[in-house]
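*Asks:*
Residue numbers (the UniProt record's numbering): 1 to 166.
This is the structure we're talking about:
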């Protein structure tokens with residue numbers, strides 16, 4: 001069993017069995033078994049709202065015992081608790097499957113995490129570029145055809161050849 005702590009300090013156990021799979025499907029229309037050969041892990045890790053809905057369905061018996069509705073549950077998911085909850089869900093999914101599939105799912109989840117990390121590193125590197133703002137503004141000016149002081153025609157009237165006769 002996996003667990004995570006939400007930002008309200010509540011501990012949630014993430015345990016997946018056949019009953020949980022049925023409940024998640026009924027409440028969210030998400031088929032957790034798609035994690036083995038689909039893009040579900042990617043969707044869950046990139047969509048905190050979907051993640052919250054799925055987690056609430058998984059944790060619904062606990063939430064009912066604690067008198068926590070879906071809105072109160074969602075309020076507990078923000079910041080680092082989102083990452084912790086997603087990791088708990090992926091680990092619980094991996095643990096659900098038999099060993100043969102468990103290895104494949106773990107590899108897929110690890111690759112997904114690596115892709116996310118490298119993507120974030122690439123974005124951070126780009127944002128740290130000291131010339132980024134200048135290049136974006138220049139590109140925007142070019143696209144909007146905004147004349148700049150370096151344009152030779154800046155401030156000069158249009159030639160009579162290009163002005164239509166009336």
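We put the CB at the ideal spot given by N, CA and C, even for glycine.
#1: What is the rounded straight-line gap between the Cα of residue 24 and the Cα of residue 140?
#2: If we ignore side chains and look at the alpha-carbon of each, how far apart do residue 81 and residue 90 end up?
#3: Residue 58: which of 14, 41, 78 and 87 sits nearest, CA to CA?
#4: I need the DSSP call for residue 133, collapsed to helix, strand or coil.
#5: Starting from the Cα of residue 48, find the closest Cα among 27, 60, 75 and 66 and give me that residue.
#6: Which value, in whole angstroms, describes the spacing of the CA atoms of residue 126 and residue 120?
#7: Should residue 40 be flagged as near chain C, meaning a C-beta pair shorter than 8 Å?
#8: In angstroms, rounded to a whole number, what distance separates the CA positions of residue 53 and residue 134?
#9: I'd like to check one pair, residue 105 with residue 94: are the Cβ atoms closer than 8 Å?
#10: Tell me, please, whether the region 37-46 touches the region 105-115 by the rule of three or more beta-carbon pairs shorter than 8 Å.
#11: Once you ignore the five residues that flank residue 132 on each side, which residues in its own chain have a CB closer than 8 Å to its CB?
#12: Let me know if residue 46 comes out buried or exposed under the rule of 16 or more other beta-carbons within 10 Å of its beta-carbon.
*Replies:* Reading off the structure:
#1: A straight-line Cα-Cα distance of about 46 Å links residue 24 and residue 140.
#2: 14 Å
#3: 14
#4: Note: residue 133 maps to helix in three-state DSSP.
#5: 75
#6: 10 Å
#7: Structure shown: chain C not included; a single protein chain is present.
#8: 41 Å
#9: yes
#10: yes
#11: 126
#12: exposed
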